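First residue of the sequence shown? That's 10 in the numbering used here, and the numbers climb one at a time after it. The C-beta atom is built at its ideal place from N, Cα and C for all residues, glycine as well. This structure is a prediction, so every number in the text was calculated from the model and none was measured. Okay, structure first, notes after.
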Amino acid sequence: MRRYDVVVVGAGAAGLMAAGTAASQGFRTLLIEKMEKPARKVRITGKGRCNLTNARPLDEFVEKVRVNQPFAWDFLRFFSNLRTIEFFKKNGLPLVTERGERVYPASGKAGDVANALEKFARKHGTEIECNTSALRIETREGRVASITVRGRKNRLETIETDHIIIATGGLSYPATGSTGDGYTLAHALGHRIVEVRPSLVPLQTKTASDEELDGLQLKNVNLTLFIDENPVAQEFGEVDFFGNGVIGGATILRVSREAVDALIDGHGVSLSIDLKPALTPAQISDRLDRERAELEADAPLRNLLRKVLPHKLILPVAKRAGVKPTASLAEFTDDDRQAIVGVLKAYDLEVTDYRPFEEAIVTAGGVDVSQIDPMTLQSRLVPGLYFAGEVMDVDANTGGYNLQLAFSSGKLAGMLKHF
């Protein structure tokens with residue numbers, strides 16, 4: 010029977026960091042991964058570019074953590090975003106900082122981030138075994154004793170160890186191996202699992218009939234999320250329409266956590282987009298009058314709308330305002346103008362559902378952090394068992410924050426501290 014000091018389950022961002030850290034301290038470390046190669050999710054993160062962290066000051070950074078901020082503080086202070094930047098540079102990966110303090114590999118290739126993490130783990134002696142799944146964890150006298158795995162050719166093996174780090178991720182992007190295995194392992198040992206649901210996920214709306222919106226990308230708009238007709242969140246930035254009523258983009262992702270929770274609880278959810286946030290209604294009205302004066306009286310209304318809207322929005326806005334885009338400007342009334350202004354300041358969408366885990370960037374919910382020591386990330390229930398990354402009930406906004414949570418928690422878990 011093989012024996013290791015540490016077995017890390019899951020070779021994603023958190024697992025590779027944890028394994029490399031443990032191995033660097035002289036622990037004989039085995040990292041198992043159910044997929045055919047490590048860090049598959051990292052390799053597709055950020056549309057293949059991988060926004061690996063955010064360079065904001067740490068007190069601003071932690072404000073982007075959506076749940077269990079005090080718990081996250083401990084491992085973020087231990088291994089901060091600035092230390093992460095130094096880590097990757099030290100491991101041969103040049104970085105660049107872009108708008109919003111987002112940090113990317115200078116190459117623009119997410120695979121380079123994954124390769125740097127794998128290189129770090131292997132450099133310190135971590136043994137990595139892919140195509141290997143964890144089945145169950147055994148305890149002796151209440152603490153970790155062994156783990157049973159299924160490896161290549163469906164071979165079962167029990168590996169003795171005193172320390173196990175669960176870093177299996179959540180349920181988002183299941184094709185990369187995130188299929189909830191960590192929740193099963195933790196629950197079997199008595200840990201409570203906070204209900205898991207998609208987060209940073211596109212939303213489903215009733216705009217499927219507005220076929221013209223397919224492919225539309227809006228920038229510099231204000232988005233307001235309403236729950237039961239009460240405004241609860243506001244974001245400025247991008248909104249993307251994907252067709253069939255699916256809506257995404259940075260602003261949608263940032264409000265999706267509240268939207269998903271509200272939908273699960275049976276509340277009414279809607280969105281309102283201010284298409285012209287820099288202008289007051291009066292200023293928009295004045296502009297429409299000025300643009301109208303430069304057109305022929307018999308010109309169609311769509312010519313006027315073309316001057317203030319993207320082409321894909323002309324028909325949907327006209328529909329909502331109750332005007333015909335083919336009508337001549339000679340027929341354009343004050344009421345028509347005010348109706349258009351109203352739609353431009355409040356393009357409303359009813360949210361009917363959220364998209365599945367396959368389209369979510371992260372998973373909300375997970376192992377209840379009250380059962381995890383924040384100073385060590387060791388289980389309060391089972392000595393020798395540690396957690397890192399998305400498997401825990403901690404998640405954050407888009408912008409590099411979630412990968413930083415993975416790196417920081419992986420680093421702390423890999424120290425194998427205990428008090």
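The alpha helix (DSSP H) enclosing residue i, as first and last residue numbers
i	result
K321	H320 to A330
N124	A119 to K132
D362	That residue, D362, is in no alpha helix (DSSP H); its beta strand (DSSP E) goes Y356 to Y363.
I53	R49 to I53
Y410	Y410 to G423
K192	Per the sequence shown, the amino acid found at residue 192 is Tyr instead of Lys. D190 to A197 is the span of the alpha helix (DSSP H), which, as asked, contains Y192.
F97	N90 to K99
D68	L67 to F70
T30	A22 to S33
C-alpha gap between residue i and residue j, whole angstroms
i	j	result
K479	G179	This structure leaves residue 479 out entirely; the chain is present only between 10 and 428.
H139	L284	Looking at the sequence shown, residue 139 is not His but Cys. Looking at the two C-alpha atoms, the distance is approximately 49 Å.
F341	H320	20 Å
G409	L425	26 Å
A306	P290	24 Å
E42	E127	12 Å
R201	R266	21 Å
P207	G277	18 Å
G224	F251	5 Å
F245	N231	5 Å
S294	N63	40 Å
I349	P309	15 Å
V326	T361	21 Å
E95	N124	16 Å
D68	V74	11 Å
A336	R108	43 Å
V51	D274	32 Å
S388	I323	56 Å
R152	N411	30 Å
P114	K99	13 Å
I53	N229	26 Å
R299	Q292	11 Å
T167	M26	24 Å
Contact under 9 Å by Cβ, residue i with residue j
i	j	result
T177	L165	no
H133	A32	yes
L40	F97	no
R364	P183	no
D190	G24	no
V198	A143	Reading off the sequence shown, one finds Leu at residue 198, where the question assumed Val. Going by C-beta atoms, L198 is not nearer than 9 Å to A143.
G375	D402	yes
G254	E247	no
D270	I261	no
L85	S417	yes
G353	L318	Note on identity: in this sequence residue 353 is Leu, with Gly being the wrong assignment. The answer is yes: Cβ separation under 9 Å.
E45	S181	no
L170	S155	As written in the sequence, residue 170 is Thr, which differs from the Leu given in the question. Result yes, Cβ atoms of T170 and S155 sit closer than 9 Å.
T407	L104	no
V264	L234	yes
L421	L386	yes
Start-to-end residues for the beta strand (DSSP E) that takes in residue i
i	result
Q243	N239 to G252
A373	V371 to V376
V112	R111 to P114
Y395	L394 to F396
D83	D83 -> not in any beta strand (DSSP E); alpha helix (DSSP H) instead, spanning Q78 to F87.
S142	S142 to R149
Y13	R12 to V18
T106	L104 to E107
P207	I202 to S208
V230	Q226 to I236
S155	R152 to R159
Q213	L212 to T214
I381	Taken as a continuous stretch (DSSP letters only), I381 belongs to no beta strand (DSSP E), as it is neither H nor E.
H427	Careful: H427 lies outside any beta strand (DSSP E) and carries neither H nor E.
Contact belief for residue i with residue j at Cβ below 8 Å, rounded distance in angstroms
i	j	result
A415	V205	In fact, because the Cβ distance is near 17 Å, the residues do not count as touching under 8 Å.
G423	A28	7 Å
T38	V71	At roughly 29 Å, the Cβ-Cβ gap does not stay under 8 Å, so T38 and V71 are not in contact.
V371	T148	Actually they do not touch by this definition, with Cβ atoms about 30 Å apart.
S279	A355	Their Cβ separation, rounded to whole angstroms, is 11 Å, which puts S279 and A355 out of contact at 8 Å.
The ligand SAM heavy atom lying under 8 Å from the CB of residue i
i	result
T135	Of the ligands one can find in the structure shown there are none, so the ligand SAM has no counterpart to examine.
4-residue-minimum alpha helix (DSSP H) runs that sit fully inside the segment 264-319, ordered along the chain: 290-302 and 310-315
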